[in-house]
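Accompanying notes for the structure given below.
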Amino acid sequence: MTLKDDLSAIVGDAFAGEGLDRALGAVKVADRPDLAQFQCNGALAAAKAAKKNPREIAGAIAEKLSARSEFEEISVAGPGFINLKLSAGFLSPRVDALAADRRFGGWAKPAPEKIVIDYGGPNVAKPLHVGHLRAAIIGESLKRIMRFAGDKVTGDVHLGDWGLQMGQLISELRLRQPDLVYFDPEAKGPFPADPPISLADLEEMYPAASAACKADPVRADLARKATKELQSGRPGYRALWRHFVDLSVNAMKRDYADLDVEFDLWKGEADADPLIPELTEDLKSRGIIEESDGAQIIRVARDDDKKEMPPIIFINSEGAVGYHATDVATIVDRKRELDPDRILYVVDARQRLHFEQVFRAVDKAGYFDEAKLEHLWFGTMNGKDGKPFKTREGGTLKLRDFIDMVTDRARERLAESGFAEGFSAEETEAVARQVGIAALKFADLSNPRTSDYIFDLDRFMAFEGKTGPYLLYASVRVRSVVAKAQAAGAGDAGPVKLVADEETDLALTLLGFADALQDAYARRLPHLLCDHAFALAQAFSKFYAACRIVDESDASMRASRLTLAQTAGGQLDLILSLLGFSAPDRM
Ligand code: ARG
54 MTLKDDLSAI VGDAFAGEGL DRALGAVKVA DRPDLAQFQC NGALAAAKAA
104 KKNPREIAGA IAEKLSARSE FEEISVAGPG FINLKLSAGF LSPRVDALAA
154 DRRFGGWAKP APEKIVIDYG GPNVAKPLHV GHLRAAIIGE SLKRIMRFAG
204 DKVTGDVHLG DWGLQMGQLI SELRLRQPDL VYFDPEAKGP FPADPPISLA
254 DLEEMYPAAS AACKADPVRA DLARKATKEL QSGRPGYRAL WRHFVDLSVN
304 AMKRDYADLD VEFDLWKGEA DADPLIPELT EDLKSRGIIE ESDGAQIIRV
354 ARDDDKKEMP PIIFINSEGA VGYHATDVAT IVDRKRELDP DRILYVVDAR
404 QRLHFEQVFR AVDKAGYFDE AKLEHLWFGT MNGKDGKPFK TREGGTLKLR
454 DFIDMVTDRA RERLAESGFA EGFSAEETEA VARQVGIAAL KFADLSNPRT
504 SDYIFDLDRF MAFEGKTGPY LLYASVRVRS VVAKAQAAGA GDAGPVKLVA
554 DEETDLALTL LGFADALQDA YARRLPHLLC DHAFALAQAF SKFYAACRIV
604 DESDASMRAS RLTLAQTAGG QLDLILSLLG FSAPDRM
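Taking the numbering used here, I'd label the letters of the sequence shown as residues 54 to 640.
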């Protein structure tokens with residue numbers, strides 16, 4: 054139970070004691086922290102229903118609550134808000150319990166689930182770009198949050214390895230090097246183990262091929278044919294495809310590792326392909342697939358639809374398997390291989406219609422309950438011009454260059470601020486990488502998932518304010534405060550005594566972690582956890598400014614403050630890891 058849950062239960066009892074609905078006792082953090090810690094607005098709703106005076110009801114509830122030891126102060130404000138201030142006697146043991154908890158008070162889900170989270174979506178041969186960045190950052194954090202809450206979570210990168218771009222590449226290479234054995238129609242393999250081209254060739258070839266196909270219908274036709282031949286299993290094309298995938302995946306793994314993003318599965322769209330014939334049969338036999346203009350479609354529109362809901366094209370008139378069918382088959386594959394309770398997709402907002410169609414189709418087919426499929430869409434990272442982030446030259450920035458850019462900026466900031474003074478070149482480099490990545494990831498995570506935001510490197514890189522670098526710095530600082538106090542003989546940590554306001558505020562913040570985590574989990578919104586991390590860093594900073602540790606003469610106060618400091622540090626580091634980044638040892 055979180056603190057809010059506990060308080061709501063206590064206040065709910067008081068409502069029940071007045072013959073009112075227990076649910077009216079819901080407690081939330083006070084809107085006016087200067088007046089109270091928590092508040093309950095239930096008397097207003099109760100009064101409306103009973104046509105009574107809300108202040109009267111609030112007064113009766115407050116009267117009942119005043120008999121309880123949990124509260125130091127209860128007052129009725131405005132039209133009938135019940136304001137609550139908790140007693141130190143209630144708070145201290147709760148903080149002691151939190152301090153002794155390996156999970157630092159983190160909420161645990163009562164009924165954990167088996168979950169697959171699909172949060173990569175990079176495409177083979179196209180280098181990862183900033184558009185894939187949000188999926189990776191948000192998905193990684195959600196995966197960690199869910200695992201911590203108790204779910205069994207499998208992260209799948211779900212490579213884009215089966216689309217038209219594969220045919221574009223194959224036909225491009227065929228024009229460039231027609232004599233390669235892969236293009237010999239008779240060749241059955243085995244084919245050379247080493248790829249015929251390098252990663253750099255591949256990255257150069259894709260834009261060239263895609264531009265050529267756009268400009269020239271003949272080229273587009275060649276690409277379509279090659280895609281079809283690949284999909285129907287031509288051995289030389291399959292072998293080439295394998296090379297392309299391997300080259301790309303190696304490069305992607307390095308980029309993701311730099312971002313501290315780790316997938317359990319490296320499956321792709323191609324892995325769903327073998328299921329297509331069987332599913333097509335099944336869907337046809339049950340009348341779920343219909344034929345329309347030579348294509349195999351599934352209708353997903355419903356009577357009460359407010360917007361247009363086009364059918365999905367399972368197999369197009371040329372026999373090619375498209376994006377919709379791949380996602381349907383992937384759900385069946387996941388069901389068979391992992392049998393998840395739920396599948397989550399962290400993919401950008403532009404694909405909302407796609408997922409809605411896919412979810413309806415699999416539900417209609419009886420393959421998966423659409424209520425257990427969630428598209429956790431996100432907004433766009435824009436440049437200062439308000440348009441999707443681009444390089445200065447106007448191109449899409451590759452993730453690799455982007456990581457280098459934030460690391461360079463972090464290195465400069467470290468030099469300016471003197472935070473890495475006396476560090477070896479190696480350590481400076483490692484810290485710069487951590488600071489740069491934290492700036493990037495925190496900026497992305499601290500913006501609500503569903504909003505667009507503007508990428509402003511200078512702001513994100515600041516060591517003050519709500520930034521990744523500030524949080525890393527706070528984490529290092531708490532640890533150093535504790536280590537210094539211990540070295541100076543402050544003694545052992547001990548039971549918490551809440552005397553100063555700053556101590557109580559820090560205690561309340563620590564106790565608020567369970568609620569923040571539960572909210573972030575329930576709404577799939579990591580920014581709520583970012584808010585908590587920032588509030589915690591600030592509460593610690595105010596506490597440390599107001600409360601001496603080493604110079605405190607009372608040994609029990611020293612012990613209490615050490616506990617508060619250690620616990621704040623532990624909880625902060627835990628949250629940083631749930632958000633997906635790690636703090637340096639020092640800076
Ligand atoms: N490869 C796709 C893209 O770049 C994203 C894939 C997302 N995941 C999925 N199951 N459709 O747009």
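Positions of the beta carbon are idealized from the N, C-alpha and C atoms, including for glycine. Note that the structure is a prediction, hence the values are computed from the model and not measured.
Proximity of K196 and D394 at Cβ, strictly below 8 Å: Going by C-beta atoms, K196 is not nearer than 8 Å to D394.
Neighbourhood of R462 by C-beta distance below 6 Å, restricted to the same chain and skipping five residues each side: Scanning its chain for C-beta atoms nearer than 6 Å, with the 5 sequence neighbours on each side dropped, one finds around R462 the residues L510 and M514, in chain order.
First and last residue of the uninterrupted alpha helix (DSSP H) at S128: Per DSSP, S128 belongs to no alpha helix (DSSP H); it is in the beta strand (DSSP E), F124 to A130.
Beta bridge counterpart(s) of D171 as assigned by DSSP: For D171, which the question treats as bridged, DSSP gives the partners D209 and Y398.
Identity of the residue in E315, R639, D313 and P249 nearest W294 by Cα: W294 has its Cα closest to that of P249, out of E315, R639, D313 and P249.
Enclosing alpha helix (DSSP H) for V421 [first to last residue]: This sequence places Phe at residue 421; Val is not what is there. For F421, no alpha helix (DSSP H) segment is defined, and its DSSP state is neither H nor E.
Cβ neighbour criterion (16 or more within 10 Å) applied to A424: Under this definition A424 is an exposed residue.
CA-to-CA distance, E517 to V148, given in whole angstroms: When rounded, the distance between both Cα atoms is 28 Å.
Per-residue burial, N136 [other beta carbons within 10 Å of its own, 16 or more giving buried]: Note on N136: 16 or more other CB atoms within 10 angstroms of its CB, so buried under the neighbour-count rule.
Straight-line gap, A115 to E555 (C-alpha atoms, nearest Å): Rounded to the nearest angstrom, the two C-alpha atoms are 26 Å apart.
Rounded separation between K205 and A76 - CA only: If you draw a straight line from the Cα of K205 to the Cα of A76, it comes to about 32 Å.
V552, buried or exposed, once every other Cβ within 10 Å from all chains shown has been counted against 16: So V552 ends up on the exposed side.
Residues bridged to F91 [DSSP beta-bridge criterion]: Looking at the DSSP assignment, F91 forms a beta bridge with V82 and L137.
Euclidean distance between Cα positions of D247 and H296: Roughly 8 Å separates the two Cα atoms.
Proximity test, G213 beta-carbon vs the ligand ARG heavy atom, cut-off 7 Å: At least one heavy atom of the ligand ARG is nearer than 7 Å to the Cβ of G213, so yes.
Euclidean distance between Cα positions of R614 and V549: When rounded, the distance between both Cα atoms is 7 Å.
T383 beta carbon near the ligand ARG (any heavy atom closer than 7 Å): Between the ligand ARG and T383, a heavy atom-to-CB distance of less than 7 Å is present.
Heavy atom of the ligand ARG within 7 Å of D149 beta-carbon: Judged by the Cβ position, D149 fails to qualify as a neighbour of the ligand ARG at the 7 Å threshold, every heavy atom of the ligand being at least this far.
For Y376: DSSP bridge partner residues: Note: Y376 sits in no beta bridge, so no partner.
Rounded Cβ spacing between I341 and I351 (contact assumed at less than 8 Å): The pair is a contact, with the Cβ atoms about 6 Å apart (cut-off 8 Å).
Exposure label - E371; buried when at least 16 CB within 10 Å: Label assigned to E371: exposed.
Local conformation of E322 per DSSP, three classes: Three-state DSSP puts E322 in a helix.
Start-end ranges of the alpha helix (DSSP H) lying completely within the segment 566 to 635, minimum 4 residues: Counting whole runs of 4 or more residues, the segment 566 to 635 contains the alpha helix (DSSP H) stretches 566 to 576, 580 to 599 and 608 to 632.
DSSP three-state assignment for E431, whether helix, strand or coil: Note that residue 431 corresponds to Phe in the displayed sequence, not to Glu. Here DSSP, grouped into helix, strand and coil, assigns F431 to strand.
Contact set for V353: own chain, Cβ-Cβ below 7 Å, skip 5 residues either direction: The residues are M362, P364, I365, Q410, R413, A414 and K417.
Span separating the alpha-carbon of N44 from that of R187: The first residue shown for the chain is 54 and the last is 640, placing residue 44 beyond what the model contains.
Opposing strand residues paired with K451 [DSSP bridges]: For K451, which the question treats as bridged, DSSP gives the partners H182.
Which residues DSSP lists as bridging P441, in chain order: N435, per the DSSP bridge assignment.
Length of the line joining the Cα atoms of L429 and L581: L429 and L581 have their C-alpha atoms roughly 15 Å apart.
Buried versus exposed call for K101 [16 or more other C-beta atoms within 10 Å across all chains shown]: Only exposed fits K101, as fewer than 16 other CB atoms lie within 10 angstroms of its CB.
Alpha carbon of A304 to alpha carbon of S504, nearest angstrom: Computed Cα separation, rounded: 30 Å.
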